[in-house]
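Here is the structure we will look at.
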Amino acid sequence: MKRSWIKIGMGWLDAKQIIPQKTIIAKRLGRILGSWMMAQGLLLGTPAFANNTPKTLTYSQLLQKIEAGEVQKIEEDPSRQMAKVTLKGDKDKKPSSVYWVSLFEQNPELMREIRANNVEYEVSPTADNSAAMGLIVNMLIIFGVLAFLLMILRRSTQASGQAMNFGKSRARFQMEAKTGILFEDVAGVEEAKEELQEVVTFLKQPERFTAIGAKIPRGVLLIGPPGTGKTLLAKAIAGEAGVPFFSISGSEFVEMFVGVGASRVRDLFRKAKENSPCLIFIDEIDAVGRQRGAGIGGGNDEREQTLNQLLTEMDGFEGNTGIIVIAATNRPDVLDAALLRPGRFDRQVMVDLPSFNGRLGILKVHARNKKLSEEVSLDAIARRTPGLSGADLANLLNEAAILTARRRKEAITPLEIDDAIDRITIGLALTPLLDSKKKRLIAYHEIGHALLMTLLKNSDPLNKVTIIPRSGGIGGFAQQMFNEEMVDSGLYTKSWLIDRITICLGGRAAEMEVFGDAEVTNGATSDIQTVTNLAREMITHYGMSDLGLVALESPSGEVFLGRGFPSQSEYSEEVATQIDHLIRSLASECYEQARAIIREHRMLIDQLVELLLEVETLDGEQFRQLVAEKTPLPKRQLATRS
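First residue of the sequence shown? That's 1 in UniProt numbering, and the numbers climb one at a time after it.
Structural data, given as structure tokens:
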């Protein structure tokens, strides 16, 4: 391996012993700085030449040209120590090109030759802007450094300001709430609108109630499933009252720092007192109003401190006159009991799923800006959509409008309405299956459901049956038109529940009767789960069994609600065994009934399957007519058909 040697005095030493690593780094930095300075000097000092390289002469060649009388003019630039030499040209030709010559600091020989040959000589120094440009560049660098420092200082100032404003309320404030929504724009919740109309009267004319000793309620809690219009009602109250309006979400009170949420509650009510009478709307109050003591062992977390401050502000030592708090939640079971007592949320308004008239009103509101064909009946849509919320109905019409635009139609037709209902309730339609064993098996499965819906006298009538697959792994479905009164009231008879279990098992019964035990599929998984749940509720909750009128099960408390750990079983092992036997016995009886009906109408089922394979979708009315030709329908089904 070769080594580098350096001579020092009379001897030689290895370079690695003399040059340390720091010296090498310093040299590299020096080279970088030197390169930068050279580049700056070239950019600022020497002007750039043209694209064509200039012609040059040596100093001795210039002297020879002068002696030969070929030089016409010399222009010297002392700042650059260059001379511009113009040679004489012929008369018939253009003047010769210009040449450049590098000069010395002292040029006595050149001056003698110029005088001796009478050559025109001129000194024309160029403007030296290097100093000015260097000053400008240095000033730009200084200004850049100052701007960077000011930016850092500004960010640090903003951070300190944010820290000081951490406890300020983030509620959106409107001096005159112009939400653009009034009570006439809210449909389907007439009872809730009637109760909330009093809140508007409290704010507009409080003297009517205070004159007779009535106290204005402190808070109104809107309770209902998602999508029923709770937030819309709050906007309508603000639009009707025309008073200052504060709106905030419950999650905006909660922070990772202890005390911030409570500080924001204090700041919110302080601003509200300054602008009373006014409204405060807290959306999703369950984010901050859950039951205290959920930590199991500690009650000093941030959420509980925020809730304590909210309870104090609503009904503490100081009364909040002229301030009405409106809150919305779909989880009233998790709220703290102190939040629901009189003096805080005095009124609890249920905003439930709309009835038929409510659904019809909601459809009319959302159909104002939709182009509907004359064949579309909002009354029929309302009857087909029991259990849907206002948000679901608005989404239904919007999906129908999207399908209409996609199909390049000028107005929404009943076909788009049907497809939109199926898309919302079941799923997106996929490409139909090709003729195969799988398609035939699905057809028998769905015909089994549809036939039982038609023949059982206590079941709801069939709406349609299809074998067009849907997103989510749904190969087909048989859809019922559920009884509106039963769905709205939530009251189901024992005979209806038994027929419902039998219908759910109709698909598996058809597979068993047609293909045999070895060919049954897992397509009845959700049906079996529904059967199990219904049978267990009939036995343990509804008292519809030989065990008597005893509620054997109740919803268990959740740990996070502060209600302790889940309780142990509420009945003995002997009773649990009886429950299991009764569930299995009920499911078996319904399954055998379904198989008997399928076996009795086997030829009819084969004909219906062949027709379904051909058209892929059968309407309920068409299906009932086909069945009526072969089998007399129950009286209730005949009445429904007529």
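From the three backbone atoms N, C-alpha and C, an ideal C-beta is built for every residue, glycine too. Treat the numbers as computed from the prediction; the structure is a model and nothing was measured.
Spanning the alpha carbons of Q64 and R80 requires a straight line of approximately 23 Å. When the beta-carbon positions are compared, K230 and I237 stay at least 9 Å from each other. Of the residues assessed, S247 falls on the buried side of the cut-off, its CB having 16 or more other CB atoms within 10 angstroms. The beta carbons of A262 and Q309 sit closer together than 9 Å. Classified as buried, Q305 has 16 or more neighbouring CB atoms from the shown chains inside 10 Å of its CB.
Residue range 323-329 is occupied by the beta strand (DSSP E) that includes A328, with no alpha helix (DSSP H) assigned at that position. DSSP places T425 in the uninterrupted alpha helix (DSSP H) bounded by 414-425.
Cβ neighbours of A327 within its own chain (closer than 6 Å, five residues either side excluded): L221, I282, I285. Only exposed fits I402, as fewer than 16 other CB atoms lie within 10 angstroms of its CB. Contact annotation, K88 with E113: C-beta distance approximately 15 Å; criterion of less than 8 Å not satisfied.
When secondary structure is reduced to three states using DSSP, G242 falls in the coil class, being assigned neither helix nor strand. A straight-line Cα-Cα distance of about 6 Å links R344 and R218. Only residues of its own chain outside the window of five on either side were considered, and among them I237, E240, A241 have a CB closer than 7 Å to the CB of V200, listed in chain order. Here F253 carries a helix assignment [DSSP, helix/strand/coil].
A contact between stretches requires three or more CB pairs, one per stretch, nearer than 8 Å, and the stretch 429-446 fails this requirement with the stretch 388-404.
For Q479, the beta-bridge partners assigned by DSSP are K464. Spatial neighbours of V123 in its own chain (CB-CB distance under 7 Å, excluding positions within 5 residues in sequence) are listed in chain order as E76, P78. Straight across, the Cα-Cα distance linking T228 with D352 is about 6 Å.
Between the beta-carbon of L360 and that of D379 there is about 6 Å, and that keeps the pair under the 8 Å contact cut. If only uninterrupted alpha helix (DSSP H) runs of at least 4 residues are considered, those enclosed by the stretch 497-522 are 506-515. Residues P386, G387 of the same chain have their beta carbon placed closer than 6 Å to that of V487, with the five preceding and five following residues left out of the count. The DSSP assignment places 573-600 as complete runs of the alpha helix (DSSP H) inside the stretch 560-612, in order along the chain (cut-off: 4 residues). V98 sits in a strand when the DSSP states are folded into three classes. The residues G476, F477, E616, T617, in chain order, have a CB closer than 7 Å to that of T466 in the same chain once the five nearest residues on each side in sequence are set aside. Within the same chain, I66, V71, Q72, K73, I74, E113 come within 8 Å of V119 by CB-CB distance, once the 5 residues on both sides are set aside. Separation of the CB atoms of W100 and T56 is rounded to 5 Å, and the pair is thereby assigned contact status at 8 Å. Proximity of the stretch 503-515 to the stretch 589-596 meets the contact definition, three or more beta-carbon pairs being nearer than 8 Å. One thing to note: L552 has its Cβ within 9 Å of the Cβ of I579. Assigned with DSSP and collapsed to three states, G144 falls in helix. Every beta strand (DSSP E) stretch that sits fully inside the stretch 322-387 and reaches 3 residues is listed by chain position as 323-329, 347-350. For K235, the closest of I280, E191, L268 by C-alpha to C-alpha distance is I280.
Looking at the DSSP output, G224 sits in no beta bridge, so it has no partner there. At the C-beta level, S355 and E484 come within 9 Å of one another. Boundaries around K55 are those of the beta strand (DSSP E), 55-57, since no alpha helix (DSSP H) includes it. In the displayed model, Y542 falls within coil according to three-state DSSP, outside both helix and strand. Under the criterion of beta carbons closer than 8 Å, L372 and I412 qualify as touching, at roughly 5 Å.
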